[in-house]
Structures are given as structure tokens and as C-alpha cells.
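Just so you know, the protein sequences line up as chains P and A, in that order. To get our numbering, take the position in the first sequence, counting from 1, and add 1. Position 189 of the second sequence, counted from 1, bears residue number 184 in our numbering, the numbering being contiguous throughout. By construction, the Cβ of each residue, glycine as well, lies at the ideal position given by its N, Cα and C atoms. Here the structure comes first, spelled out in C-alpha cells, and everything after it is commentary.
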Amino acid sequence: MLNRLLRAAPYIVLQLAAMYFYQLAGHIEYPATPGRIGPDFWPKSILVLLGGVCIYEIIKNLLIGETFTAAGLLEKLMKDSGANEGEEKLRSYPMLLVGGILLTVVYVATIDKLGFFLATIAYLALFMVIGRYRRWGVIAISSVLGSLALVFIFMKVVYVSLPLGTEPFSAVSLWLLAIMGVH
Amino acid sequence: MEALIHLGNGFLQVLQPANLLVLFIGLVLGMLVAVLPGLTLVMGVVLALPFTYTMELLPAIILLTAMYVSGTYGGAFTAILFRIPGEPIDVPLLWDGYTMGRKGQPAKALGWTLFAALGGGLITTTVMVLASAPVATFALTFSSPEYFAIIIFGLTSVVSLGGGSITNAAISLMLGLMIATVGVDSIYGAERFAFGVPFLQDGIEYLLVMVGAYGLGEVFTRLEKGFAGDGTPADTDRSISTEFPTLAEMLKLKMTFLRSSLVGIIVGIIPGAGATVASFVAYGVEGQYGKRGKELGTGIAEGIVAPQTAATSSVGGAMIPLLTMGIPGSGATAIILGAFLLHGMQPGPQVFVTSGPFVYAVFASIFLGIIGMCILGFFAIKPLVKVLELPEAVVSAFVVLFCFIGAFAARNNLSDLYVITGFGILGYLFEKFSFPIAPMVLGVILGPLAESSFMTMMVSNGNDWTVLMGRPVSATVMVMAVVALVYPIQRQLRERTRRNGTKQ
């Protein structure tokens, strides 16, 4: 039963979300014209279809316990060819994933304060470490030179205004830009 | 004749030094992403998109199409030499290409690949040049029902031809269509699902969905599996060369070549199929109709020529609906469409009327791109396969950064970084629970077009949707859409019933 529930879980979540958004769509405000469909019609139609497919999957997985699934052509071709064989046997490192996601969120949250250059050096180095890479020299050089190269390409060549950070970190960014001749 | 004159002018434009340089860079990048561990062709094109923001439209499209073309070829090297398919497109090359290499003829296998990519590419480009203008002229007669039907056909074929189960692909598509509804609706100006949040009121940019789901999502997925520590172990120092097949050998395979080119072009035109499906289908067709079909898998040339010809041919096929109707046929063409839209140009039936010279310049760039790709493949194969030695963790860290810069550069808005991180996590969850990403991305891109055609059709016809079945083109396309969705399900159910019957 637990297996069935786990298989059905994504569809249950999606079904609940579809119901919630359907209810929200009912409250979209617009100047209604008699005899014309409103801006709620399109999203509601999609949500009804989405809900229908989810209910089918929930019944199939949870109540009947059926595992048959019609596959898309590409999926079938890959399966028949055995191209994906062995992928399931690969080891899984959920903690690396959690670490990687957390690091990414922290990077996004701090880039405005630290500035692109400093935040990126830290991010590159830590991401490589989380990714189980242990050549410390390569990590140090590639993160520093990589950040420098990105700042140069995007601020000097492509003209993208990357975040400079706030005091005292912005002083580093400004010093760097002055050296590169970016005004 | 007029087309030839336009094409000639197109060549002159592309041959300008700046455009040639962009073409060269695109070809190299396309080959690199096809070879690099952890990078796919679609991801590569996504990552290149931000570099095109400040470019003119022509070099921007040249860069992305060059990457698309060469990305269908670059992965062949590693598949044949090291049994590492750079892309799913290259999986069929393992069976005969790698086997031929193991038999002591890797140079010959590489020669056959080059011949197939060059020939398939030139044929498909010729077909693209000849067919696009008439298709666009025909499409000029379309109104909202036809457009709506074509988009529905495109979306259903993405569901039935792509990866993952059909129901999961349908869910992915519907999520994409829903994401496209966020923000202020274009007809009534009503706010939908924005929760009063300013950046949601502007709508969710499809670029953020693409970069997040394809780029970050893939990195997270590979991170969970643990990156390959120190680059992929492969003997990249060995002697590598390419040996062309003789004219007599080529002529022997003319039917394989023509069959596979046709398969590639047709599969390319069908929205949602793309180079991988073309490559597999061509291999299957060769097995069924080829003179030596039964010998496939033993290292024969037909097993190399069929998939590679079809993969490269699919590029021209996919460009036809993109340029003439604004409907992308694959993940890569969806991104190229994104580049058009970012530069304020909407491809479609009017494109030959409003921007004819531009379109022919794109055609010319694909011609030159195919020739350039083969020259590069011949001379630069050794340094290209060297990138296999790059550690995946280092490559992936930079991929994430390019994703962020790409997303940030579009609107200079830090909130967008949270959005792409969110879509990165969603992309990972999609991989985890076997939901394909392509239908969602196409749903986000085609959603607004689908909704506006639908609303126009309903308003013009008094809310009568049966008008779809009352017009010959829309009725035919709607029937095709239903068949595209129902036929594979019905066939697989029949197969299962037969298998169960045999077991009993």
C-alpha cells in the first residue's frame, strides 16, 4: 500500500494544486461582456484537463495498483534500445543535492550584499567542493579566475550591470571595475 | 530564381567578418556542449542565449542555429571513439560506430559520420530553402481556427513523441500552459494568479522557465548522482584521424542516405520530435528496409550513416515550422524562437513578406554552418575530445553561473534569480518523478499564442468551437492531433494485451 501511495503522491499534490487554482480562477476580476467568455475560461479548461489526468493516475496507481503506462515515442525508443540501462543502478547522494540547493539559495540571497565578484568566488569554490571535487589548487584558481573572467566578459564586453554589493564589499567591486576600465 | 538571388544576398551578409566569426564561435560551442559531460545541446543553446541580448538579430540567430547544427554532430566523436554518447542523439552510433571502431576502423567510422552529417545537412537545407516560402504563403491563408489547431497538434505531438509517459508529458504540458497564464491577461487586462506580487504581475518569462528547468534542473539531478570526480576516464591521447569513404562506397549507400534524409526532414517538421527521435527512427527504418538491415549492430556503415544523416536532416525540417508559422519543433528551436521574440521579431507566415532578406541570410548561415561544422570536425576533433577531461563539478559550477547571469541580464532583476532557482528545483523534481521538461517549456512558449487564437476564434464565431471541424485545414489538423495522442496509447495497450495473452 505504501508503494502505491508513493507512486500516487505527485498526482495527489498536483490534483490539490489544480483544485486550489481552479477556485482562484473563479475569482478573477474583469469587466464581463454578456455572451463572451472571460479570462478565466482558458485557465479553468486547462485545470479541468490537468485534474482529469491526475485523477486517472491516482485511481490507476492507488486504487487499482496498475503499473502500465503508455510511453512517449522517444521514451519507448530509448527503453527498447537499452540506452538507459544501468542508470537506475547509479548511487544517489541526497545530501549533496540538499547542499547544492542550499548553497544556490544562499548565493542568490547574498549576491546583492556581497556583490557579484566576491559572492561568485565563494559560490564556485563551494559548489565544486560539494560536487566532490578535491583538487584544491584547481578549485582556488578556477573560482578566482572564473569570477574575474565573468565580470570582465559581462561588464566590459556584453554590458550587463552585475550587482556591485553594499559597503564594505562594494569597494572590492569598484576597485576591480576601475582596474578593468569599466565606468 | 528570386529565392536564389535572395540566398546569394544572404551568403554575402553571412560572409561579413563579424557574422563569420559568430558562426565559427557557434559551431565550436555547439560541438563542445555536445561533447562535454553534463551539458546537453538544448542546455548549451539556453546558456548561449544571454550573450545574444546585445547582438543584432542576425548574428544572434546565426550563433544559436550554428550551435544547434553542430550539436547534432559533435557527440558522434565521443560515441564512436570512447563509447560515450555526448547526446541521446548519438546512442544509435554506439551500436555500429563504436563497433566499427573496435574492429580497428575508427577513422573510417568518423569518415562515414562526416559524410552523413555533410550530406544530410546539405539536403535538408536545400529542402528548407525550397519549401519554406511556399509553406509561408499557404499559412498566410490561415486564421485563428487553423492556428489554434496547429498549435494543438504541436502540443499533442510533444506529448506523444517525447520522453516520459504520455500522462506525465500531458501534465508537464498543462503546467507549462498554466505558467503562461500568470500575470495580466492580454485581452481583458485582468490579473491572473499574481497574488499581488509585482514581478508576477509582469508574467513569468519563458526564459526563466527554460534556463531554470533545463540548466539548473539538470545540474541538480547530476549533483544528486555525484559528479564524475576528475573528468570522464577516456584515452584522449590516442591517435585520432578521419578517413573518408570512397565514391564507390558512398554510392552503395545512396538509398540509406536518401531514406534517412527523408526521415530526418519529416521528423524534424513534426513538432516535439527532434533529432533524437529522427536518429532512432532512421536506424529502425534502415533495419527494416535496408539491404543489410539484419547486419545492423555488427559495425556496418549503414548503422552510422542512417542515424547521423537523419539527426542533421532534422535541423532543416524543424526550422520550417519555426520560420513559417512561429511553431518550434524541438527544444533547441523553442530557444531560437525565444531569441527572435527577445529581439522583437515574431516568426510566422508574414516573415517572408516583412523580412525576406533576413530569412535567406539565416538559410545561408545554416548552409555555411554545415560545411564549417564538417571542416571543424575533420581538423579539430582531437582538441574537441580533450574536453572530456574537464571535471564535471567545475563545468557544472560554471553552468549554474551562466544560468544566473542569463536570467539576470534579461531584466536586471534579482527576483528572477529566485524564480530560476525555483524552476531549477522543479526541473530536478521533474527528472526525479519522470516528468519530461520539454512539454512544459513548449507550453509556456506556445501558451499565450494558443490562448489568443482560441479567444479570437471563440469571439469571432459566437463561442462556437465546432468551427474547428467545419474548416478543412483545421479539421484535418485536429484529427491529426487526436490520432497523435490516441494512436500510441492504443498501440501500446494492444501490445500489452498480446504479451499478457502469450504469457497465459
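Which residues in chain A sit within 7 Å of residue 15/P, going by Cβ to Cβ distance?
-> Neighbours of residue 15/P on chain A, chain order: 166.
For chain A, is any of its Cβ atoms less than 8 Å away from the one on residue 57/P?
-> Residue contact with chain A for residue 57/P: present (Cβ-Cβ distance below 8 Å to some residue of chain A).
Chain-ordered neighbours of residue 194/A on chain P, where CB pairs are closer than 9 Å = Ordered by position in chain P, no residue passes the 9 Å Cβ test against residue 194/A, which lies about 14 Å from the chain.
Can you pull the chain A residues whose beta carbon is under 7 Å from the beta carbon of residue 44/P, in chain order?
-> In chain order: 173, 176, 187.
Measuring CB to CB, does residue 92/A end up less than 8 Å from residue 299/A?
-> Taking the C-beta atoms as reference points, residue 299/A is found nearer than 8 Å to residue 92/A.
So, does the CB of residue 141/A fall closer than 8 Å to a CB anywhere in chain P?
-> Not one beta carbon of chain P lies nearer than 8 Å to the beta carbon of residue 141/A.
Taking C-alpha atoms, which residue in 14/A, 399/A, 235/A, 278/A lies nearest to residue 81/P?
-> Minimum Cα distance to residue 81/P is reached at 278/A.
Hey, is residue 65/P's beta-carbon within less than 8 Å of any beta-carbon in chain A?
-> For residue 65/P, the answer is no, since every Cβ of chain A falls outside 8 Å of its Cβ.
Listing by chain order, which chain P residues have their CB less than 9 Å from the CB of residue 377/A?
-> Simply none; closest approach about 23 Å.
How big is the Cα-Cα spacing for residue 269/A and residue 325/A?
-> Their backbone Cα atoms lie some 5 Å apart in a straight line.
Note down, one range per segment and in chain order, each alpha helix (DSSP H) of at least 4 residues found wholly within the stretch 48 to 96 of chain P.
-> Entirely contained in the stretch 48 to 96 of chain P, the alpha helix (DSSP H) runs reaching 4 residues are, in chain order, 74 to 82.
Consult DSSP for residue 294/A and reduce its assignment to one of helix, strand or coil.
-> Annotated three-state conformation of residue 294/A is coil, per DSSP.
Go through its chain and collect everything with a Cβ distance to residue 140/P's Cβ below 6 Å, but skip five positions before and after it.
-> These residues qualify, in order along the chain: 126, 129.
Near-chain P residues of the stretch 268 to 296 of chain A - C-beta to any C-beta below 7 Å = Under the 7 Å Cβ criterion, the stretch 268 to 296 of chain A contributes 271, 272, 275.
Under the three-state DSSP convention, the category residue 426/A falls into = Assignment of residue 426/A by DSSP, reduced to helix, strand and coil, places it in the helix class.
Based on Cα-Cα distance, which residue from 94/A, 191/A, 27/A, 51/A lies nearest to residue 69/A?
-> Selected option, being the one with the closest Cα: 27/A.
Secondary structure of residue 187/A, DSSP reduced to three states | Note: residue 187/A maps to strand in three-state DSSP.
Short Cβ contact (8 Å threshold) for residue 238/A with residue 114/A = No; because the gap between Cβ atoms is not below 8 Å, this pair is not in contact.
If we ignore side chains and look at the alpha-carbon of each, how far apart do residue 142/P and residue 322/A end up?
-> Taking the straight line joining both Cα atoms gives about 44 Å.
Assuming residue 94/P contacts residue 219/A (C-beta within less than 8 Å), just tell me the rounded distance between them.
-> Rounded, the Cβ-Cβ distance is 6 Å, consistent with contact.
List the residues of chain A whose Cβ lies closer than 9 Å to the Cβ of residue 79/P, in chain order.
-> Counting only Cβ-Cβ distances below 9 Å, residue 79/P has contacts in chain A at 83, 86, 158, 271, 275, in chain order.
Between which two residues does the alpha helix (DSSP H) carrying residue 164/A extend?
-> It spans 161 to 176 - the alpha helix (DSSP H) in which residue 164/A sits, taken as one unbroken run.
Three-state secondary structure (DSSP) of residue 183/P | Residue 183/P: coil per DSSP, three-state reduction.
C-beta atoms of residue 47/P and residue 173/A nearer than 8 Å | Closer than 8 Å, so yes.
Can you find a CB in chain A that lies within less than 8 Å of the CB of residue 32/P?
-> Answer yes: the Cβ-Cβ gap between residue 32/P and chain A drops below 8 Å somewhere.
Quick one: Cα of residue 181/A to Cα of residue 83/A, how far?
-> About 39 Å.
Express the C-alpha separation of residue 430/A and residue 137/P in angstroms, rounding to a whole number.
-> Their backbone Cα atoms lie some 37 Å apart in a straight line.
What does residue 46/A touch in chain P if you count any residue whose Cβ is under 8 Å from its own?
-> Under the 8 Å cutoff, chain P gives 159.
Residue 407/A versus chain P: which residues are under 7 Å apart at the beta carbon?
-> Correct list: 162.
Indicate whether at least one CB of chain A lies closer than 8 Å to the CB of residue 181/P.
-> So, not an interface residue.
Among 120/A, 135/A, 75/A, which one has its Cα closest to the Cα of residue 342/A?
-> Nearest of 120/A, 135/A, 75/A to residue 342/A, Cα basis: 135/A.
Residue 104/P and residue 170/P closer than 8 Å at C-beta | Taking 8 Å as the cut-off, the beta carbon of residue 104/P is found no closer than this to the beta carbon of residue 170/P.
Reduced DSSP category for residue 159/P - H, G, I as helix; E, B as strand; rest coil | In the structure shown, residue 159/P sits in coil (DSSP, three-state: anything other than H, G, I, E or B).
Pull up the distance between the alpha-carbon of residue 28/P and that of residue 282/A, whole angstroms please.
-> Those two C-alpha atoms are separated by around 57 Å.
If you scan the stretch 216 to 275 of chain A from start to end, which runs of the alpha helix (DSSP H) of 4 or more residues do you find wholly inside it?
-> Those alpha helix (DSSP H) runs which fall completely within the stretch 216 to 275 of chain A and span 4+ residues are 242 to 247, 249 to 264.
Ignore the nearest five residues each way along the sequence and tell me which others in residue 1/A's own chain have a CB closer than 7 Å to its CB.
-> Result list for residue 1/A: 351, 352, 355, in chain order.
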